[in-house]
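In our numbering, the protein residues as written are 713 to 1071. Let me begin by presenting the structure, written as structure tokens, before commenting on it.
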Ligand SMILES: Cc1ncc(COP(=O)(O)O)c(C=O)c1O
């Protein structure tokens, strides 16, 4: 047997591995998973029935063009069919966007800390990451991001609301930023948590995209729509970008189950968004309670809260686990906690109070 290993691309060395949120413990007392920003509700009945029906035919390949879903999205957003592209979750689409725009020698700008997939997918494509620190208030520093643009910049991610801080950028500042970005640089507005926004000053990326050929909007069915396990997300972008996304897609990546579930979810939207409304109420309750306990909590427009705990991050996560909730620690920085079902939020608040009491 040969001693040599297959040659792998040098760019893969040192890539941070994507850390999924830890699952809830099994076998213990009550344990809730508040580590992945998932929707805590089970699928709506109509959605479950559609998926069950589709499951009877999974010996067949799915519709590669996602025709039914794309038609539904086109009507819903008032955008041409050619401006839509689907993928295996919005992270799949984000990876295709980087692949389509950026290679060795190119630069990808994003705020940091932000969604942890950005550095990974940038490095995989061989491009250089240009992370721009958040402001002291944990918000995107759009002026600094615009200042970071060079003639090598190909793509800029703006995560709005930002994962993991929940903070947002508002219309005037975002438009000012977009005005500074050269037309040949793609700006990706990652709106994975769009449905949780209640601040009227936060623009809908779909409105911004209409007038700007270099703006692309990323959305997902994983969060508000509760389909994280089925892997379906999409982009709305002008034709050259959407066409490039179709070229870079893994053939048959979005399963028929995912397509049917997404269509059924859009049709059950009123009920689904009612559930989102309940989560938003819970978010207010959690943030108010934390502030009442003395915590500094940045204003969040997503389905999670951020506590900048620095060196106490790991200890806090441990305390939460001992109480029965699993949260998402970013060692040395802070903890992101998903707003979940009421019982889970109550346990988390108890843990946070106990931790403060022990300080
Ligand atoms: C900001 C952001 N974008 C994209 C994603 C990817 O979600 P999915 O691939 O499930 O659509 C996530 C998931 O955590 C996220 O937080």
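We put the beta carbon where it would ideally sit given N, CA and C, even for glycine.
In or out: residue i buried (at least 16 other Cβ within 10 Å) or exposed?
| i | result |
| --- | --- |
| residue 825 | buried |
| residue 1000 | exposed |
| residue 1048 | buried |
| residue 876 | buried |
| residue 982 | exposed |
| residue 962 | exposed |
| residue 672 | Because the chain here runs from 713 to 1071, residue 672 falls outside it and cannot be looked at. |
| residue 1023 | exposed |
| residue 862 | exposed |
| residue 779 | exposed |
| residue 1071 | exposed |
Going straight from the alpha carbon of residue i to that of residue j, what length do you get?
| i | j | result |
| --- | --- | --- |
| residue 813 | residue 796 | 17 Å |
| residue 1032 | residue 912 | 33 Å |
| residue 769 | residue 761 | 14 Å |
| residue 815 | residue 837 | 5 Å |
| residue 1117 | residue 1059 | One cannot answer for residue 1117 here, as it falls past the ends of the chain, which runs 713 to 1071. |
| residue 969 | residue 1029 | 35 Å |
| residue 1037 | residue 1026 | 14 Å |
| residue 737 | residue 730 | 20 Å |
| residue 715 | residue 722 | 19 Å |
| residue 847 | residue 971 | 39 Å |
| residue 750 | residue 840 | 30 Å |
| residue 819 | residue 849 | 26 Å |
| residue 833 | residue 724 | 10 Å |
| residue 888 | residue 1040 | 33 Å |
| residue 746 | residue 752 | 9 Å |
| residue 921 | residue 927 | 5 Å |
| residue 1003 | residue 717 | 55 Å |
| residue 765 | residue 870 | 38 Å |
| residue 777 | residue 940 | 20 Å |
When the distance is taken between beta carbons, is residue j closer than 8 Å to residue i?
| i | j | result |
| --- | --- | --- |
| residue 860 | residue 881 | no |
| residue 727 | residue 835 | yes |
| residue 964 | residue 774 | yes |
| residue 853 | residue 823 | yes |
| residue 944 | residue 758 | no |
| residue 878 | residue 1014 | yes |
| residue 798 | residue 900 | no |
| residue 947 | residue 810 | no |
| residue 980 | residue 781 | no |
| residue 803 | residue 872 | no |
| residue 844 | residue 898 | no |
| residue 978 | residue 784 | yes |
| residue 763 | residue 956 | no |
| residue 904 | residue 930 | yes |
| residue 858 | residue 883 | no |
| residue 864 | residue 895 | no |
| residue 995 | residue 1012 | yes |
| residue 866 | residue 992 | no |
| residue 808 | residue 932 | no |
Cutting at 6 Å between CB atoms, please list the residues of its own chain near residue i, excluding the five before and the five after it.
| i | result |
| --- | --- |
| residue 988 | 907, 936 |
| residue 1020 | 1046 |
| residue 925 | 950 |
| residue 748 | 733 |
| residue 917 | 901, 903, 929 |
Helix or strand or just coil, what does DSSP make of residue i?
| i | result |
| --- | --- |
| residue 946 | strand |
| residue 987 | helix |
| residue 757 | helix |
| residue 1028 | helix |
| residue 819 | strand |
| residue 955 | helix |
| residue 797 | strand |
| residue 861 | coil |
| residue 891 | helix |
| residue 1061 | helix |
| residue 1046 | strand |
| residue 931 | strand |
| residue 730 | coil |
| residue 718 | coil |
| residue 831 | helix |
| residue 744 | strand |
| residue 826 | coil |
| residue 789 | helix |
| residue 871 | strand |
| residue 1021 | coil |
| residue 918 | helix |
| residue 902 | strand |
| residue 1003 | helix |
| residue 837 | coil |
| residue 1039 | coil |
Output needed for residue i: all residues of its chain with C-beta closer than 7 Å, excluding positions within five of it in sequence on either side, in chain order.
| i | result |
| --- | --- |
| residue 998 | 1017, 1051, 1057, 1061 |
| residue 874 | 823, 826, 852 |
| residue 788 | 978 |
Near residue i, what residues of its chain come up, given a Cβ to Cβ distance below 8 Å and the 5 sequence neighbours on each side ignored?
| i | result |
| --- | --- |
| residue 1005 | 1061, 1064, 1065, 1068 |
| residue 1043 | 1025, 1026 |
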